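Accompanying notes for the structure given below.
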Amino acid sequence: MIQDQEGAVPFYFSHRPRFADRLSLAAVPSSVGLARDFTRLALAKWPARPIEDDALLVVSELVTNAVLATPDDLALVTVRLLGLRTGLVVEVGDGSPKEPVPAAPDADSEGGRGLLLVRELAARWGSCALPAGKVVWAEIAGQGSLAPSAALSLPSSSHPAYLGAPNLMRRQG
Numbered sequence: 002m003i004q005d006q007e008g009a010v011p012f013y014f015s016h017r018p019r020f021a022d023r024l025s026l027a028a029v030p031s032s033v034g035l036a037r038d039f040t041r042l043a044l045a046k047w048p049a050r051p052i053e054d055d056a057l058l059v060v061s062e063l064v065t066n067a068v069l070a071t072p073d074d075l076a077l078v079t080v081r082l083l084g085l086r087t088g089l090v091v092e093v094g095d096g097s098p099k100e101p102v103p104a105a106p107d108a109d110s111e112g113g114r115g116l117l118l119v120r121e122l123a124a125r126w127g128s129c130a131l132p133a134g135k136v137v138w139a140e141i142a143g144q145g146s147l148a149p150s151a152a153l154s155l156p157s158s159s160h161p162a163y164l165g166a167p168n169l170m171r172r173q174g
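When we follow my numbering, the leftmost residue of the sequence shown carries the number 2, and every step to the right adds one.
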């Protein structure tokens, strides 16, 4: 069962996402920047600007940890973003079975603060063991509703693209 650090089932399992985007990347350091770019582009489609900075930091930290935890750079790291009415869920999957544990780093250490940062930015976070690795997730609380912008809604029957090629807009089967 997937639980957060206090043993509670994630809130988002009982709510249908308003949007979902997914990206798989090689488990290499340069993937962290690509994951940030992916997140920025995904959130640009939704009114998520108030949480964008937090989301980018959480994605950066979770992907960095996933890359470091994955022993094989031929393996993949997967980022999934789920937009809920109440905020955003970031999921990062990797091939390591090792459970993430926040730890206080040495004062002289350059790293080791990622999960502490995630814990501060996220309303809740946790991990789920999988047969071939794990998923670490974080819920970032939003302000207001994360609904698609009007400019990105599906075309209506009066949309010029629909009028020009109605068969392309019709569901088949």
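Every residue, glycine too, gets a C-beta built ideally from N, C-alpha and C. The structure presented is a predicted model; accordingly, all values stated were derived computationally and were not measured.
Given this structure, state the Cα-to-Cα distance separating residue i from residue j, to the nearest angstrom.
i    : j    : result
I141 : T71  : 25 angstroms
L58  : V119 : 8 angstroms
P18  : L44  : 14 angstroms
L131 : P98  : 7 angstroms
D22  : R86  : 15 angstroms
L83  : P101 : 21 angstroms
A124 : V90  : 10 angstroms
P103 : D55  : 18 angstroms
A133 : W47  : 32 angstroms
W138 : C129 : 8 angstroms
V136 : L42  : 22 angstroms
G88  : G115 : 21 angstroms
Can you tell me where the beta strand (DSSP E) with residue i in it begins and where it stops?
i   : result
L75 : First-last for L75: undefined, no H or E at that position.
In chain order, what residues of the same chain lie with their CB nearer than 8 angstroms to the CB of residue i, ignoring the 5 residues before and after it?
i   : result
S32 : L26, V64, V68, V78
Where does the unbroken alpha helix (DSSP H) through residue i begin, and where does it stop?
i   : result
D32 : Residue identity check: residue 32 is Ser in the sequence provided, not Asp. Note, S32: alpha helix (DSSP H), 32-45.
Three-state secondary structure (DSSP) at residue i?
i    : result
S61  : helix
A123 : coil
G143 : coil
V102 : coil
V29  : coil
G88  : strand
A130 : strand
Given residue i, which residues of its chain have a CB within under 6 angstroms of its CB, disregarding the five upstream and five downstream residues?
i   : result
A76 : A28, G96
L24 : F39, V80
E53 : L44
Less than 7 angstroms between C-beta atoms, sequence neighbours within five positions excluded: which residues of the same chain meet that for residue i?
i   : result
V60 : A36, R37, T40, V80, V91
Just checking residue i against the ligand SAM - is the residue's beta carbon closer than 7 angstroms to any of the ligand's heavy atoms?
i    : result
G127 : Among the components of this structure there are no ligands whatsoever, and the ligand SAM is therefore not found.
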